[in-house]
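Peer 1:
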Amino acid sequence: MPNTRHSVGMRLIDFIATQYNIEMKMNKKCSCSIGTMTHPKNNDIELVLVKPKSFMNNCGCKIVKCSKIYQVFDHNLYLIHDELDLVVGKYKLKENGSPRGHNGVRSVHDIINNQSPPRLLVGIDRPTSRNEVADYVLNSFDNLQSKKIDEILPIAVDVLFEHILKKHRTISVES
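Structure representation (structure tokens):
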């Protein structure tokens, strides 16, 4: 389901991997596709890109398992996911907060003891009826929506990388 609305976070990871020439390799121990890179503006920051090979709503176990294998502590974890309450073409970086009905976020949230990692939310818009949500998120974007997503990917990645850099600087100053 790589081109569904629900997998827009994977699309952003693929964009990063392509932009920075990162090879994503399957890690059988955690059933995730993994790529590693250094932060483009700070070689001291290593980033681990994770694409779980499971359904979105059950990805928490795999993400947490990968974070343990690659020694990514909970406070350094970022989630990238679809957001029904943002229109297509919009994104938002959220410092924390509840999963708000997003079962994939909840699956991570529950496993890391209800901590709420920063999240990059990518707008997919909401269907006209609440009854249609399950089908809606599993369908593909239309051509115009897909174009809007492609246009925001580089900007959203910059925002994400800047937040990571800022957080690293804050932690370095506090240490």
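In UniProt numbering, the protein residues as written are 1 to 175. Every residue, glycine too, gets a C-beta built ideally from N, C-alpha and C. Keep in mind the model is a prediction, meaning the values are calculated, not measured.
Within this structure, are the beta carbons of I13 and I69 separated by less than 8 Å?
Peer 2: Going by C-beta atoms, I13 is not nearer than 8 Å to I69.
Peer 1: Buried or exposed, going by whether 16 or more other CB atoms sit within 10 Å of the CB of K51?
Peer 2: When all chains shown are included, K51 counts as buried.
Peer 1: If Y78 and P118 are in contact, beta carbons under 8 Å, what's the gap, nearest whole angstrom?
Peer 2: Rounded, the Cβ-Cβ distance is 5 Å, consistent with contact.
Peer 1: Report the rounded CA-to-CA distance for L121 versus I171, giving the unit in angstroms.
Peer 2: One C-alpha to the other measures close to 24 Å.
Peer 1: Which residue marks the beginning of the beta strand (DSSP E) containing G89, and which one marks its end?
Peer 2: That residue, G89, is in no beta strand (DSSP E); it is neither H nor E in DSSP.
Peer 1: Whole angstroms is fine: what's the gap from E174's alpha carbon to L49's?
Peer 2: Rounded to whole angstroms, E174 to L49 spans 26 Å at the Cα level.
Peer 1: Do three or more CB pairs link the region 83-99 to the region 121-134 at distances below 8 Å?
Peer 2: In short, these stretches touch, since the Cβ pair count reaches three.
Peer 1: Keeping to the same chain, check which residues put their C-beta closer than 8 Å to that of S140; ignore five residues upstream and five downstream.
Peer 2: Taken in chain order, the residues that qualify are N3, T4, R5, S146.
Peer 1: Applying the 10 Å Cβ sphere with the 16-neighbour rule, what's the burial state of M10?
Peer 2: Looking at its Cβ environment, which holds 16 or more other Cβ atoms inside 10 Å, M10 is buried.
Peer 1: Nearest-angstrom Cα distance between N76 and L84?
Peer 2: About 25 Å.
Peer 1: Under 7 Å from any heavy atom of the ligand NAD, does the C-beta of L93 make it?
Peer 2: The ligand NAD is absent from the structure shown, which contains no ligand whatsoever.
Peer 1: Excluding the 5 residues flanking E95 on each side, which residues of the same chain have their C-beta closer than 6 Å to its C-beta?
Peer 2: Here the set comprises P118.
Peer 1: How big is the Cα-Cα spacing for T128 and K148?
Peer 2: Going from the Cα of T128 to the Cα of K148 covers about 20 Å.
Peer 1: Give a yes or no on contact between the region 152-164 and the region 13-22, applying the rule of three or more CB pairs nearer than 8 Å.
Peer 2: At 8 Å Cβ cutoff, the stretches touch.
Peer 1: Please return the same chain residues whose Cβ sits closer than 6 Å to the Cβ of K65, not counting the five positions on each side in sequence.
Peer 2: Result list for K65: C30, in chain order.
Peer 1: Just to confirm, is the Cβ distance from residue 203 to S33 under 8 Å?
Peer 2: Residue 203 lies beyond the range of the chain shown here (1 to 175); nothing can be said about it.
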